[in-house]
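Q: Our numbering numbers the first residue of the sequence shown as 1070 and each following residue consecutively.
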Amino acid sequence: MPDMNAYLAKIEEKKKVLADLDLQSAERNHYYETEVFPLIREYFQKVESNKLENRYDLLILSVGSTFEPLVLSIDAVQPKKVVFLYTKESEKNIDKIDEFINFRPTQMKMYEVDHINPEKIYQRIKEISLQNEGKKIGIDFTGGTKAMSAGMAMAGGMIGADLFYIASKWNKLTRKPEPGSERLKILKNPYELFGDIEIERAQELWSQGEYFAASVLLEEVYKKLPEQYEYRVLAALGKAYSSWEVFNIKAAYEHLHFVTNEGVSHLSRLGKPIFSEKDLHILKKQLEILKVYKEKNLGKDIPLKTVQDVHFMKNLILFFKNLAVKEEEQKRYDIASLYYYRMIEVIGQHRIARFDINTSNPDYSNLKMNQKSILEKINALLKQSKLKQEFHSLPEKLALADTHLLLYVLNDPIAKRVSPSKLRDASEARNYSILAHGFLTIDEEIFKKIRKVAMTFFYGFLQENGEDEFNETLQFITPNFFKTGNEIE
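Shown next as structure tokens:
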């Protein structure tokens, strides 16, 4: 077998010359086609073709935006005849392919297909197979759209054809494969291609913050492709995040513990690093936070000591803020408003806890002040704020607005950033929401009012307690695997 490294070394030498030429110049294209591409072809004819155990009577290829991979495929497969499936946009590349392969007209057939309809592509290949019954057929789905590839693979699986494609590193600047990176890949399991399409869908769902839906898709792909262990790990991370969102802390901790321990360790042994070092650091920090939540055994009533814990409450506040921002980005204003509202509540609960007051069962004697005097100050504030309400006694439980009034008369610097009337407006907007006690939908205008109040409290909280790295730590990551894309191996 020829020395693969010798070919690749020659290609690297030519690439250095290529790199110095203008990207759009005719000189560069000429140099590539006359100096670089012939070496790649020679490599394919003598090295990559050895991967194939069979010789083929017919090779069916989908034609995309570049001609080079298809020439290489024909070089490696060396079929007796070829059939090109092309679109109006890619038809011009067939002439270019013909310049290199020099097939006779009787050796080539061409059919125009719909690039967004895999079923029609499937039907066309089925017809071709019936016309070539008993012959050895190969299918290369390198070129064209994902829909074309899906149709090619679906048909190939049905007619018993061998499936392969040319894998390469894509150069975004030249809009061509990186010279020397091309390899012939044999697709043993047709589902790998459909799995690839579903992974793209999972990536899209992840970017929309639909972690549970993404995890379901990832699990389905993993069941069919158990060798792709990274899908299991990503599915577990999706479950961790979707559990955390609904504050199912036990489940979130268990899933994230699997990801950061068994999952990452096994991926490392497989040589599949799907997380960056920064992402791994964040995931481990998130696991620590979940561990604290789990150990504090958060239930209906949070112990006063926990609410007084600045570090703990800061994590909780930032968590709600990040969830609100995520929902806002998807224009889900009702849900985003609820998270901002919870942020206001938690800040108020923490601030009043500094006076040894628990909102669920307040002991006003801890204020070391005359309760009658407090009541008079609250009612005076309500009158001054032109709010039609009067307290005859201090509340047995402190709701959000009650907590704010009490903090206001206690001269809390954060509470005094927002007037009682503005807080009442935000509170009522939330209460009338269909997701709370009413039947109204919160539109963008109302949402912005709630957000403004929440962020005013939030910035006051940070000014009092200091900003740190927790904001980044509590943001749900997009795994490096999704950022860089993936290739079927």
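Even for Gly, the Cβ is constructed at its ideal location relative to N, Cα and C.
Closest to T1211 by C-alpha separation, out of Q1192, L1130 and E1168, would be which residue?
A: Of the listed residues, the one whose Cα sits closest to T1211 is L1130.
Q: Run the CB neighbour count on N1384, radius 10 Å, all protein chains shown included, and call it buried at 16 or more, exposed below.
A: By the 10 Å Cβ count, N1384 comes out buried.
Q: Please name the residue, chosen from I1109, K1161, L1294 and N1439, that lies closest to S1237 on a Cα-to-Cα basis.
A: For the residues I1109, K1161, L1294 and N1439, the minimum Cα distance to S1237 belongs to I1109.
Q: Report yes or no: do three or more beta-carbon pairs, one from the region 1302-1318 and one from the region 1273-1290, lie closer than 8 Å?
A: Cβ pair count under 8 Å is three or more, so yes.
Q: Quick one: Cα of I1584 to Cα of E1497, how far?
A: Here the chain comprises residues numbered 1070 to 1558, so residue 1584 is not present and cannot be evaluated.
Q: How would you label Y1408, buried or exposed, when you count the other beta carbons within 10 angstroms and need 16 or more for buried?
A: Buried, by the Cβ-count rule.
Q: Less than 9 Å separating the beta-carbons of N1186 and G1213?
A: No, they are not a contact pair.
Q: When you compare the CB positions of I1143 and G1249, do they come within less than 9 Å of one another, or not?
A: Taking 9 Å as the Cβ cut-off, I1143 and G1249 do not qualify as a contacting pair.
Q: Let me confirm a value: A1495 is counted as buried when at least 16 other C-beta atoms fall within 10 Å, else exposed. Which label applies?
A: It is buried - the Cβ of A1495 has at least 16 other Cβ atoms within 10 Å.
Q: Determine which residues share a DSSP beta bridge with N1240 and list them.
A: Partner(s): K1245.
Q: Distance, Cα to Cα, I1268 vs Y1300?
A: Distance between the alpha carbons of I1268 and Y1300: 9 Å.
Q: Determine the burial state of I1255: buried for a count of at least 16 other Cβ atoms within 10 Å of its Cβ, exposed for fewer.
A: Under this definition I1255 is an exposed residue.
Q: Under the assumption that Q1544 contacts N1391 (Cβ atoms under 8 Å), give the Cβ distance between them as a whole number of angstroms.
A: The Cβ separation is near 5 Å, so the contact holds.
Q: Taking 8 Å as the cut-off, does the region 1315-1325 touch the region 1516-1531 (at least 3 CB pairs, one atom from each stretch)?
A: With a cut-off of 8 Å, the region 1315-1325 and the region 1516-1531 do not count as touching, because too few Cβ pairs lie within range.
Q: Can you grab the Cα-Cα spacing for the pair D1425 / E1533, in whole Å?
A: Each residue's Cα considered, the two are about 18 Å apart.
Q: Going by alpha carbons, who is nearest to Y1155 out of K1552, N1448, D1348 and T1135?
A: Nearest option by C-alpha distance: T1135.
Q: Sorted by chain position, which residues of the same chain lie with C-beta nearer than 8 Å to K1084's C-beta, five sequence neighbours on each side aside?
A: Cβ within range, chain order: V1105, P1248 and G1249.
Q: Determine the contact status of H1184 and M1223, defining contact as a CB-CB distance below 9 Å.
A: Their beta carbons are not under 9 Å apart, which means H1184 does not touch M1223 by this criterion.
Q: Could you check what DSSP says for E1096 in three-state terms: helix, strand or coil?
A: Residue state, collapsed to three classes: helix.
Q: When you compare the CB positions of L1127 and K1204, do they come within less than 9 Å of one another, or not?
A: Closer than 9 Å, so yes.
Q: Can you give the beta carbon distance from I1416 to I1386, rounded, assuming they're within the 8 Å contact cut?
A: Between I1386 and I1416 the Cβ distance is about 6 Å, and since that is below 8 Å, they are a contact.
Q: Nearest-angstrom Cα distance between V1177 and P1138?
A: The amino acid at residue 1177 is misidentified as Val; the sequence shows Met. Approximately 17 Å, taken between the alpha carbons.
Q: If the criterion is Cβ atoms closer than 9 Å, does the pair Y1100 and L1092 meet it?
A: Against a cut-off of 9 Å, the Cβ pair of L1092 and Y1100 comes out as no contact.
Q: Going by DSSP in three states, E1136 sits in which element: helix, strand or coil?
A: It is worth fixing the name first, because residue 1136 is Phe in this sequence and not Glu. Here F1136 sits in coil by DSSP.
Q: State the DSSP-derived secondary structure class of F1460, mapped to helix, strand or coil.
A: Looking at F1460 - three-state DSSP - the assignment turns out to be coil, as it is neither helix nor strand.
Q: By the DSSP assignment, the beta strand (DSSP E) with L1154 in it spans what residues?
A: It spans K1150 to Y1155 - the beta strand (DSSP E) in which L1154 sits, taken as one unbroken run.
Q: Near A1422, which residues of its chain fall below 7 Å by C-beta distance, leaving aside the five closest residues on each side in sequence?
A: Around A1422: L1373, V1376 and Q1377.
Q: Could you check if T1510 is buried or exposed, using at least 16 other CB atoms within 10 Å of its CB as the buried criterion?
A: With fewer than 16 other Cβ atoms within 10 Å, it is exposed.
Q: How would you label R1338, buried or exposed, when you count the other beta carbons within 10 angstroms and need 16 or more for buried?
A: It is exposed - the Cβ of R1338 has fewer than 16 other Cβ atoms within 10 Å.
Q: Taking contact to mean 3 or more Cβ pairs, one atom from each stretch, closer than 8 Å, check whether the region 1156-1174 and the region 1191-1199 are in contact.
A: Touching, no, given that fewer than three Cβ pairs across the two stretches are closer than 8 Å.
Q: Counting C-beta neighbours from all protein chains within 10 Å, is the total for P1295 16 or more, i.e. buried, or is it exposed?
A: Under this definition P1295 is an exposed residue.
Q: By a C-beta neighbour count over all protein chains shown, 10 Å radius and 16 as the cutoff for buried, is P1107 buried or exposed?
A: Exposed.
Q: Output the distance between the C-alpha atoms of I1208 and H1380, rounded to the nearest integer angstrom.
A: Between I1208 and H1380, the C-alpha separation is close to 59 Å.
Q: Assuming I1228 and I1206 form a contact by the criterion Cβ under 8 Å, report the distance between their Cβ atoms to the nearest whole angstrom.
A: About 7 Å separates the two Cβ atoms, so the contact holds.
Q: Is Y1076 helix, strand or coil by DSSP?
A: DSSP places Y1076 in helix when its eight states are reduced to three.
Q: In the DSSP assignment, the beta strand (DSSP E) including D1378 goes from what residue to what residue?
A: No beta strand (DSSP E) contains D1378, which DSSP labels as neither H nor E.
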